[in-house]
Amino acid sequence: MYCLSRGIAPNVTGVLKIAREHVDAMIAHAREDHPDEACGVIVGPDGSDVPTRLVRMINADRSPTFFRFDPQEQFELYKVMSAAGEEIIVVYHSHTSTEAYPSRTDVALASEPQAHYVLVSTAESGASEGPISVRSYHIVDGVVTEEEIDLTE
Amino acid sequence: MSVEVRIPTILRTFTGGAKAVHGSGTTLEQVLDDIEARNPGLKDRIVESEALRRFVNVYVNDEDVRFSGGLNAPTADGDVVVVLPAVAGG
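Protein chains in written order, with this note's numbering: chain A, 23 to 175; chain B, 97 to 186.
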């Protein structure tokens, strides 16, 4: 069981439509890498806003407080997406001791204005089954806007 | 003499929305200076204190320029430069 951001915040505006299996896969990844932060993307056709293919990325920092895609792996991803007419629809990462809300570093470094930034917090239950929260945001020019998560089957 | 520079979404505000621009030069820095002339403000988002910004990755053809001379990385006609902001946070 997990807690989604559906309607819990007063200023939730946009919506992320995402398959349940993708949410489950992000949670599984976050638990596996706990206590380090896990990170990855879900890509989809250019301009579609539909996340279709989840790609786990290496956290080159291997850290409980930071993440960074490995530059070579990110470049390989870029080439595949570029050839396929895809773009990053979701950037996800985990917080392992804090809530599922973008940190100051997350906001300062956010560089995919078209993307949904999904935060998975394993702070409550760690690598085990238990409460976990998943929330989604847009981060543009330093402004964080939370959005609803609409699960599709 | 033309080098294609692929521009990430976040920097397309400096290129009128163009996904790629072209410049000339025999080093990455010369190419960036050339495209800066037509896309003012772009270089500053890639370069800081005469070095590549820490959270911007730049590739010439398939090579990460951090391992091939940084701003002095050689460029030639037909090369493709890819600018990718690091995906990172805390």
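Ideal Cβ placement from N, Cα and C applies to all residues, glycine included.
Buried or exposed for residue i, please, with buried defined as at least 16 other CB atoms from any protein chain shown within 10 angstroms of its CB.
| i | result |
| --- | --- |
| residue 183 (chain B) | buried |
| residue 175 (chain A) | exposed |
| residue 114 (chain B) | exposed |
| residue 168 (chain B) | exposed |
| residue 185 (chain B) | buried |
| residue 135 (chain B) | buried |
| residue 74 (chain A) | exposed |
| residue 52 (chain A) | buried |
| residue 54 (chain A) | exposed |
| residue 163 (chain B) | exposed |
| residue 62 (chain A) | buried |
| residue 132 (chain A) | buried |
| residue 102 (chain A) | exposed |
Thinking C-beta only, is residue j closer than 8 Å to residue i?
| i | j | result |
| --- | --- | --- |
| residue 80 (chain A) | residue 71 (chain A) | no |
| residue 38 (chain A) | residue 138 (chain A) | yes |
| residue 121 (chain A) | residue 145 (chain A) | yes |
| residue 179 (chain B) | residue 103 (chain B) | yes |
| residue 24 (chain A) | residue 156 (chain A) | yes |
| residue 109 (chain A) | residue 65 (chain A) | yes |
| residue 143 (chain B) | residue 119 (chain B) | no |
| residue 170 (chain B) | residue 106 (chain B) | no |
| residue 56 (chain A) | residue 118 (chain A) | yes |
| residue 147 (chain B) | residue 166 (chain B) | yes |
| residue 173 (chain B) | residue 94 (chain A) | no |
Grab me the residues of residue i's own chain with a C-beta within less than 7 Å of its C-beta, minus the 5 sequence neighbours each way, in chain order.
| i | result |
| --- | --- |
| residue 83 (chain A) | 89, 90 |
| residue 164 (chain A) | 129 |
| residue 166 (chain A) | 124, 129, 159 |
| residue 85 (chain A) | 58, 59 |
| residue 134 (chain A) | 110, 113 |
| residue 44 (chain A) | 64, 73, 76 |
With a threshold of 8 Å between beta carbons, is residue i in contact with chain C?
| i | result |
| --- | --- |
| residue 128 (chain A) | In summary, chain C is missing from the structure at hand, where the protein chains are A and B. |
Under 9 Å Cβ-Cβ, which residues of chain A neighbour residue i?
| i | result |
| --- | --- |
| residue 160 (chain B) | 93, 94, 97 |
Skipping 5 residues on each side, what residues in its chain have a beta carbon closer than 6 Å to that of residue i?
| i | result |
| --- | --- |
| residue 48 (chain A) | 114, 142 |
| residue 172 (chain A) | 37, 39 |
| residue 41 (chain A) | 174 |
Could you list which residues in chain B have their beta carbon closer than 9 Å to that of residue i, in chain order?
| i | result |
| --- | --- |
| residue 87 (chain A) | 186 |
| residue 90 (chain A) | 151, 182, 183, 184, 185 |
| residue 125 (chain A) | 185, 186 |
| residue 56 (chain A) | The contacting residues do not exist; residue 56 (chain A) stays about 16 Å from chain B at best. |
| residue 131 (chain A) | 151, 181, 182, 183, 184, 185, 186 |
Can you list, in chain order, the residues of its chain with a C-beta nearer than 8 Å to that of residue i? Leave out the 5 residues immediately preceding and following it.
| i | result |
| --- | --- |
| residue 108 (chain B) | 114, 115 |
| residue 177 (chain B) | 99, 100, 101, 102, 124, 127, 154, 155, 156, 171 |
| residue 130 (chain B) | 119, 120, 121 |
I want to verify the contact list: residues of chain A whose CB lies under 8 Å from the CB of residue i, in sequence order.
| i | result |
| --- | --- |
| residue 105 (chain B) | 109, 134, 135, 136 |
I want to verify the contact list: residues of chain A whose CB lies under 7 Å from the CB of residue i, in sequence order.
| i | result |
| --- | --- |
| residue 99 (chain B) | The premise fails here: residue 99 (chain B) is roughly 17 Å from chain A at the closest Cβ pair, so nothing lies under 7 Å. |
For residue i, go through chain B and note every residue whose CB falls closer than 8 Å to its CB, in chain order.
| i | result |
| --- | --- |
| residue 159 (chain A) | Within chain B, no residue comes near residue 159 (chain A); the closest Cβ sits about 11 Å away, beyond 8 Å. |
| residue 113 (chain A) | 183 |
Anything in chain B within Cβ reach of residue i, meaning under 7 Å, just list it in chain order.
| i | result |
| --- | --- |
| residue 100 (chain A) | 178, 180 |
So does residue i have its beta carbon nearer than 7 Å to some heavy atom of the ligand ATP?
| i | result |
| --- | --- |
| residue 181 (chain B) | Judged by which ligands are present, the structure shown has none, so any question about the ligand ATP falls away. |
**Report entry** Complete runs of the alpha helix (DSSP H) confined to the segment 109-142 of chain B [at least 4 residues]
**Finding:** 124-134
Requested in this report: Go through the segment 40-100 of chain A residue by residue and report every complete run of the beta strand (DSSP E) that reaches 3 residues or more, in order.
Outcome: 61-67, 75-79
Query raised in the report: What runs of the beta strand (DSSP E), each 3 residues or longer, lie entirely inside the segment 112-163 of chain A?
Result: 138-143, 155-162
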